[in-house]
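Student: Chains as they are written, first to last, in numbering that gives the first Met the number 0: chain U, 0 to 500; chain L, 0 to 578; chain R, 0 to 107; chain Z, 0 to 339; chain S, 0 to 497.
Glycine included, every Cβ here is placed at the ideal spot set by N, Cα and C.
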Amino acid sequence: MPTVSASFWMVLPVVLPLAGGLLCFLWRQRSLWLPLAFALVNLIVVIRLTRLLLIQGPLHYQIGGWETPLGIVLVLDGPALLMLLLTALCGAGVTCYARGYFAYRISAQKQPGRHERQERFFWPLWLMLLAALNGLFLSGDIFNIYVTLELLSISAVALAALSGKPVAQLASFRYLLASLLGSLSYLLGIFFIYRSHGVLDLGLLRAVVEPGSSMTAGLVLMSCGLLLKSAAFPLHFWLPPAHANALAPVSAILSGLVIKGSLYLLFRFWFDTFASLISPAALNVIGMLGILAVFWGGILALLQQRLKLLVAYSTVSQVGYFLIAFPLAYHDATLSVWTAFLFMILAHGCAKVAMFMAAGTMYLHSGHDRMRDLHGIRLVMPLTVFAYGMAGVNLMGLPPSGGFVGKWLLLTGAFDDGQWWWSVAIMAGGLLAAAYVFRVMSPLFQAPVGASIFDGRPTPALLEWPPLVLSLIALLLGLFAPGIMALLTANGGAVISGGLP
Amino acid sequence: MMPSGLTLDMYLVILSLVAGVPLVLAASLSLPLSLSPRRILSPFFAWAPLPALLTVWLVPPDVVVEAPWFFMGGRMGLDSSGRVFLTLSAVVWLLAGFSASGQGLLGFLRPRFSAFYLTAMAGNFGLILAQELLGFYLFFALMSFAVYGLVIYDRHPGSRRAGRLYLVMVMLGEIAIFLALLLMSGEVVDLDGLAQSGWQNSLFLLMLFVGFGIKIGALPFHRWMIRVYREIPLPAAVALAGAMVNAGLLGWLRFLPLGQVAIPAAGLVLVTVGGLAALYGVVLGLRETRPAGILAGSSISQLGLMTIIFGVGISSPLAGGEALPVLLFFVVHHGLAKASLFLGLDALTRGRFCSFWWLVLFFIPALVLAGLPLSSGLAAKGALKGLLSALMPSWAGLAPFFLGLSSAATTLLMVHLLVRVREEVMAGRTPGQERRENLFPWPWISGVGLVIFAPWLWSVARSELLYSLALPGIIHGSWPILLGAFSYPVFARLRREQSPTRRQGRFWSELGPSCLTLLAVVRAWTDGLFRRVRRQWWTILRLAAQQLPGRERIFERWLTVGIAYTALCLLLLAVLGGA
Amino acid sequence: MTVLFAYKLGGLCLFFMGFTALILRSHPLKKIMAVNVMAAGVFLLFIAMACHGRVGVAIDPVPQAMVLTGIVVSVSVTALALVLACRIQETSGGAGSSEGEHPPQGDS
Amino acid sequence: MNSLSLTLFDCVVLVTLLGLAWQLLATPDLFKAMVLFMSFGLVMALAWVRLAAPDVALAEAALGAGLTGPLFLSALHRLRGTRKGERRQQLDSIEHRGKIEKVTQRTSGRIIYLLLRILFAGLLLTLLVHLATILLHVEYENPGLGVFVAEQQEESGVISPVTAVLLNFRGYDTLLEIMVLFVAVVAVWSLATVRFSEKSGQVSPIQQGVVRILAPLMILVAVSLIWQGTHLAGGAFQGGAVLAAAGVLMMVSELPWLRLIPSLPVRLMLVFGPLVFLGLGVSCLADGRFLEYPGELAGFLILLIELACGLSIGLTLACLFVGGRPVDDLVDRGQLEEGS
Amino acid sequence: MNGSGWLLVLIMLSSFVPGIIIFGLPEDRVRLRTTLNLCGSLIKIGLIVVLNVGIYLGYSYEIRLPLVAGMEVYLHADPLSALFTTLSSVLWLLTTIYAVGYLEDSPNRSHFFGYFSLCVTVTIGIALAGNLITFILFYEMLTLSTYPLIVHRGTPQSLRAGRNYLVYTLGGGALFFLAAAWLQVLTGPMDFGSDGFASHLVVEHGPLLSLLFVLLIAGVGVKAALVPLHGWLPQAMIAPAPVSALLHAVAVVKAGAFGIVRIVLDVYGLENMIVLGLLPLLTFVATLTILWGSFRALQQDDLKRRLAFSTISQISYIGLGISLADHRLALIGGLVHLVHQGIMKITLFFCAGNLAETLGVHRISEMRGIARRMPWTMGAFTVGALGMIGLPPTAGFVSKWFLGLGALSASNWVVVAVLMLSSLLNAAYFLPILITAWFDRPVGPWPDEKNFGRFETRLMLLCPPLLTAAVVLLIGVLAEAQISPLAWVRFIVEGYLP
């Protein structure tokens, strides 16, 4: 048992952004320091936690000092920490970017008040969302997860509606309803689980779970809720409009981080907590959904005319990848598919955040995001376009990106099990990703025709560097693999705290 | 006469200079015009064969210099037959060079001609010195391709056509030689086993025949020679006819050393082809009107005779030993004579030297070629006759008749030549041809001198020459000449009656375009196919592109969401229930 | 059939009635109400579960606490949804949940 | 009373619940639906009482019926107030209708639509039946966590087990839940500015008088509810809801000074409760874990938190009802074009 | 004996770091950029010389970075990789010089040179890759770093070419990736140089391994422009000349061919290849490609297009040599052509670029008498073209010679015939260019003539092709010298066929 003094760090990723959110709402200084300070401190805390994890192995923290059946436990293991790390990194990036974004818009002298208002509400909402995400990853209690999910959804919906455009509001209303449906389904699932074993703690649940209809029903309802929240294929309807019509930093947050919360939970439930309930057939069903998502999302992304919609549909497609990991994780003894899943999540998170930020910068400059008319923008903002390209490399799963490592692990997993047919979908999805990424890149590389149609103002560093750094992190993630593996298997343990069946 | 005490390295330097000097001189032409080396070196162009002559003098026959770093392991040296070839080539190139520089073709003002000329020279010398096959091949190619530049030097459409034909033939020859080289180096064939039947052996011999036969205008590949001789500037023709064509024979010698191989079947084929060429060449020459073309026919014919010698030589090792000197002698004889003829032609057509005596001087080498008694011609024919009767008993009876016929035909051809030259020279006097040079044609004179006197230097030839002094020798030597000379009026009449308009080489000239047409058709068809397939794909894709985003609306309906959601729940319940 | 089971069944029915309405009703307010009904159904299930076999005697306070939390959450969400619906109506004059409305514009 | 048999009361409650729900979801009249919804909430509260969950019942009464109903009403009011809203109040979205009609113009489209609905109904029923059979057949006698709660009740510092769970055992949940409320306010503020109806002053003075008397009373009730939360049914949420109700009452009565409340104090109050909760939780880190109240101080601290949160929750709910940020909030530059 | 693996890293950094710096440089810092580029490439060449000497003396250089289970980045230098690194780095230097001259006054040079350096870094990575994963790593990065170069001009045509390039190469990369993953599962992690996987696998998974071989070859075959995967290459000639040089000689096509070599020799291993009977398949594809490329080249009027088809044909000589790899001489021929083709083709592309840049001449029909205007350029072009035909004493002859010998020792007469036919076809599409350039009279003014003063074109454009042309001659003439590509290839082959 780790010492109390060290493990109190575990609550900080939740507590700090919460406090930050409250304070930002209270003091609406137009300065950056408050949110940025919180985002950075969050990053530092997570780094500190990384060290703790490496030294001490998986950590448990009983909130209020209550023992598990009753109290709530925070669990910090490899996957959770990686998710925290992703959130903290992207969070810091988004914070910087958002500052630049709002400053740029406010200085544009077009409805400055409106942009100021957006910025002021953005910060508390964003910090709350950060807290919710951190709480979600750390939580070891299914009901607590429900609360964090709700916090996450509400702040996400509010952020999505922040732009004030009717379409965005419409989209976020649908987002809200979908998210509520998911939450209620999840809650119903909790009911079935609680009534069969009377525990809410994930660790205890894992110990007592045995196949039974009530348990199964609970798991199914929770999973369906989470699938809805993660925009898995037939239930993805809410995602593209919500993500595409939000403000750029918000799109980045929604696509890069929020989706990951529910996906992570899904994976965790299926392979950790309720692993003994899972049947191969169910995994194949999920995998099939994944394949459909990969193709449907990819093809629709390819057919979009607008950049942000394209990126949003690409998220639909990428979610499919995470689902394909399910059937491949089942038989895997070396845990490599767990690793694959996390790698892909990390890579996609950073890449998608970078991509949306880059798209947002282009939008800022050109006033639209019709791909046809973006030619020559490369000359105006080379770094941004570069960042977009590097993020795209990640989606394609080309080396040395994290997406590549993830894909490689998936593939080897598929062949290991003799389930080679998944590999076809994996590769085809990669090619589709390449197609839609380069569909954007191609006009960007086109030489400009006629006079520059872009806003002549220079791109501020805050708009250029965060996407670049994040996309480079995603790109080089493959090379950080040893470190990530070390985290996953910290203290010689299995990949996750409890290990797989 | 060999100065001894030279080290191997010095030999290396000397041997390298033989091909190196012309190459360096050629390279100096690429310097800018303003640079002095180019001007300074220019007078030395004609002297470029000098190192070759020096080598003949300095390098003993047993010296073989290794240069392993050079192009797959070079070996250079001067064996006995090489010495003959080198001497002949050096002399011919020297004469040609002086002739060319005399009329201003060779010099820095004519960089293109000079460059190709010198390069061809380097190739010619180099191939003689090379003691291994790859080196030989290298210089052979160098020479062959350089000649192309000389052929189309004046850029007339005619010379272009000739050049194209020449290039095609050269390319074919190169490939044939390359394959032969491969077969030999790859040890698919070896000299000892060549006599056995086997398709690899046949292929090897065929490739040799094609590869070098092209160079000497052997029968099916003779066409280029006439066209090229007609178009090439005359000084270059001197070198080509006198020295360069011999490279084909040398090639045969190098690949199939006489005295070491015995391939009777191949010998028979060569003798037959050579015999046909000896006669058909004359026919070709008679059809020509331009002197250079007539000389080409003569070359084909004479080289046919040499083919016969070589064919006899490879019939058996014994014959090889005897045929080699004859062959060498024939080469020298023909080379000098042909070179002198071209020199004379050059001088006559260019200069004012059109008096009777000059024509007589011009006719001397022609008659030598025809086998005039006391000349190398008769000696060569005599040696050939001896060879044939000794080694091919079945031919023994036929040989004198055949040789006589050949000689007569050559005479006829030479008379035709003389007539044509005279007409041409007369025609040349008409106004319009302004540039007439007044240089004394001493390269020609010395060439003729060599033709007359050189055979006496050679012990092999001397006995034959002395034999031709005797009465039977004179009779033997003269009747064909007289026959040939007297048959000229008949020929002239026949010729007058026959329209000279012919179209030859139609097949070859049409082949290229028709191939291209065929390719174009194939290409159009394949392109069309691709385009059609592509267009259909695009149509399908475009339709999909129009349809699919609309289909997305299905998923946006709440009803769909409901159905999907409940269905998913039920599905998962079903599949998880089985766990 | 026990009382508790009846309540639970009722809760389940409420949930699915709400679900049906969420899917089939298109007016935003109706959708929000539907969600509330769904939530009520789930809460009913929880509270019925807390009784553990005897009506009127709550053994387990944890589900109650959960339901309390749930109620608060659902109130906040309802409030947000309502304001959102009103804003949509005000800014666009369109209905909040129109089907298949693909937003044609980008962000602002 | 045979506790395990289906009593008439339960029957009535259940049937009423389901009937109300059916009605409120089925009726095309929105206003009727509102009324039905409020009554639904009240019947729910009855059910909670019947199921021995007084805390929930109180919360339901205060929040579910007491606040959600007015929320819906005010939303309906706002919707009606807009230009096109009038015609729509009794109908589903016209636009939607139009679309459906477009689809259903063709017979095939209509049939498909019908089939899809049938499919949906079938799937739904199957799912319902499946889940119901699970409920029926697999009835665990599972004590849940009640035993543990009972065991450790003393250490929690409060008497009411529900409050113990809410604020001590699972205080972390509650903390986050309060944050959910807070975020909801932020979200609502970010969306809209408060609008007072133009008919101000038309409220009768009697109503205003009543409100003046009623409001302090309600505040008293609220405080007592919060206080009571430590040992009986009640607590911060219920108290807060009553507080909010008082606020709502005042707002409905168009008290003039309400419009003038500046943004900053409201924000302060909104943040106050959550911040206190969070701050106390963090201060526990000094010699324990997060939210681990020192044994002897637990009761006091919980009361403190309840009070602070109750206040903030009350204000929060009131703000939610108002449905927008105060007029002076961010009025500086952006306000002018907001209307456009 | 072990040398430090950091040498390999340094070699890669020597172009990577300048590349990154160049990305950040403003457009007008021409001198600094050029200095950086040249310094980088000189340092690289120096390091590679050290590497070569070390390898020759028997040192081994390797560095490993394990990523996840069964996946590690492994750089190592064997004689084969040294061959490729040397080729790439030397040609890079020349191409850089050329590009500096070529792109004078054109926009976006920082981008161009940045990607250029990346491209070379990645190519070196391919050369030094010590296992299949590392190979894929760099192989895919090559695709990405070349794309911006191909579309550098930003015209619709170049964008289309770029799109096509991506369609082909990414598709091929996907196949390669798939097959590599599968192979890894079958055989376990495997380093190059271990003579292929264990032979018992051949018995167990014979058909599957054959299928994987086909997939792998298809993957690298796209870059190596094997028919029918060659479609991108002729289109990509729309790119600026230095890029074409890079594509055809230094990096892309070479990487594909190199990949074939690696797959056959190091991944599968000769013995397994023979047991599986896969070599004839490769022979077939290679011969088909040689002939098809030549035929198509005949029909082109656009100079660079013709050169591109010629590349398709020529690069398959390498594959052909590898496909007869059980015969030492063929293997030598194939490997040495890797170098020879690069130098010859880069000469040709440099010259084509000179013509385009100086006179605006793009089509062969416009080239009448062009040698009078630009004799040096055309001289270099001639040398390159003759080399392509395989005439002695050029480098092309040497490779053709060994290929022919190898084919004979394999008794593969079809290959012999194809070699002969291909030489003929090569002559048929190169000689007319030479003839028209040297011996035709120019008609009319050149399409877009620029005057560069004293020399026929910019000195920086002129020197590289002259140099490479000289090298084409030199490495042919001095083929059997101690230090020549041929000698090094013999050294390589010692390792595979002792």
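1. Could I get the ranges of all uninterrupted alpha helix (DSSP H) runs contained in the segment 209-277 of chain U, with 4 residues as the minimum, in chain order?
2. Which residues bound the alpha helix (DSSP H) around S:ARG32?
3. What's the gap between the Cα of R:LEU8 and the Cα of U:LYS164?
4. Which residue from L:GLU65, L:SER98, L:VAL58 puts its Cα closest to that of L:ARG82?
5. Once the 5 residues before and after Z:GLY372 are set aside, which same chain residues still bring their CB inside 7 Å of it?
6. Quick one: what's L:ARG74 bridged to in DSSP?
7. Specify the secondary structure class of L:TYR165 as computed by DSSP and reduced to three states.
8. So, does the segment 470-489 of chain U touch the segment 390-404 of chain U, judging by three or more C-beta pairs under 8 Å?
9. Taking 8 Å as the CB-CB cut-off, is Z:GLY322 touching chain L?
10. Which value, in whole angstroms, describes the spacing of the CA atoms of Z:PHE45 and Z:ALA56?
11. Below 8 Å on the Cβ atoms is my contact criterion, and I expect L:LEU464 with L:ALA378 to pass it. Report the Cβ-Cβ distance as a whole number of Å.
12. Identify the contact partners of U:GLN108 in chain C, using a Cβ-Cβ distance below 8 Å as the criterion.
13. For a contact meaning CB atoms closer than 7 Å, what does L:LEU564 contact in chain U?
14. Rounding to the nearest angstrom, what Cα-Cα distance links U:THR49 and U:LEU80 in this structure?
15. Would you give the residue range spanned by the beta strand (DSSP E) that S:TYR73 belongs to?
16. In chain order, what are the residue ranges of uninterrupted alpha helix (DSSP H) at least 4 long that sit wholly in the segment 94-123 of chain L?
17. Along the chain, where does the beta strand (DSSP E) that runs through U:ILE71 open and close?
18. Looking at chain L, is there any beta carbon in it that lies within less than 8 Å of the beta carbon of R:ILE46?
19. Would you mind working out which of S:ILE135, S:SER144, S:VAL266, S:HIS75 sits nearest S:ASP194, comparing C-alpha positions?
20. Closer than 8 Å, CB to CB, is Z:LEU126 near chain L or not?
21. Using the Cβ count rule (16 or more neighbours within 10 Å means buried), how would you classify L:PHE485?
22. How should R:THR77 be labelled, buried or exposed, when 16 other C-beta atoms within 10 angstroms of its C-beta is the threshold for buried?
23. Can you confirm whether U:ALA206, when its beta carbon is compared against all beta carbons of chain L, has any partner nearer than 8 Å?
24. Between the C-alpha atoms of L:ALA543 and L:LEU558, what's the straight-line distance to the nearest angstrom?
25. Got a sec, what are the start and stop residues for the alpha helix (DSSP H) S:SER14 sits in?
26. With respect to the alpha helix (DSSP H) encompassing U:TYR60, which residues constitute its N-terminal and C-terminal limits?
27. Rounded to a whole number of angstroms, what is the C-alpha to C-alpha distance between R:CYS12 and R:ALA33?
Tutor: From the atom records:
1. Qualifying alpha helix (DSSP H) stretches, in chain order: 212-228, 238-244, 247-252, 258-267.
2. Segment 29-55, the alpha helix (DSSP H) holding S:ARG32.
3. C-alpha separation (whole angstroms): 42 Å.
4. With distances taken between Cα atoms, L:ARG82 lies closest to L:VAL58.
5. Missing from the structure shown is residue 372 of chain Z; chain Z here goes from 0 to 339 and no further.
6. L:ARG74 is bridged to L:GLU65.
7. Correct three-state label for L:TYR165: helix.
8. Judged by Cβ distances under 8 Å, the segment 470-489 of chain U makes contact with the segment 390-404 of chain U, as three or more pairs qualify.
9. Chain L, which has no Cβ nearer than 8 Å to the Cβ of Z:GLY322, makes this no.
10. A small correction: the amino acid at residue 45 of chain Z is Leu; Phe does not occupy that position in the sequence shown. Distance between Z:LEU45 and Z:ALA56, taken at the CA atoms: about 7 Å.
11. About 5 Å separates the beta carbon of L:LEU464 from that of L:ALA378, a gap short enough to meet the 8 Å contact definition.
12. Of the protein chains in the structure, U, L, R, Z and S, none is chain C.
13. As written in the sequence, residue 564 of chain L is Tyr, which differs from the Leu given in the question. Under the 7 Å cutoff, chain U gives CYS223, LEU227, LEU234.
14. Distance from the CA of U:THR49 to the CA of U:LEU80, rounded to the nearest whole angstrom, comes to 7 Å.
15. Per DSSP, the continuous beta strand (DSSP E) segment holding S:TYR73 begins and ends at 70-76.
16. Given a length threshold of 4 residues, the segment 94-123 of chain L has no whole run of the alpha helix (DSSP H) inside it.
17. Unbroken beta strand (DSSP E) run through U:ILE71: 71-75.
18. Not one chain L Cβ lies under 8 Å of R:ILE46.
19. The residue from S:ILE135, S:SER144, S:VAL266, S:HIS75 with its alpha-carbon nearest to that of S:ASP194 is S:VAL266.
20. At least one chain L Cβ lies under 8 Å of Z:LEU126.
21. L:PHE485 comes out exposed.
22. Its Cβ being crowded by 16 or more others within 10 Å, R:THR77 is buried.
23. No, U:ALA206 does not count as interfacial toward chain L.
24. Looking at the two C-alpha atoms, the distance is approximately 24 Å.
25. Here the alpha helix (DSSP H) through S:SER14 covers 5-23.
26. Not the alpha helix (DSSP H): U:TYR60 falls in the beta strand (DSSP E), residues 58-62.
27. R:CYS12 and R:ALA33: Cα-Cα distance of roughly 12 Å.
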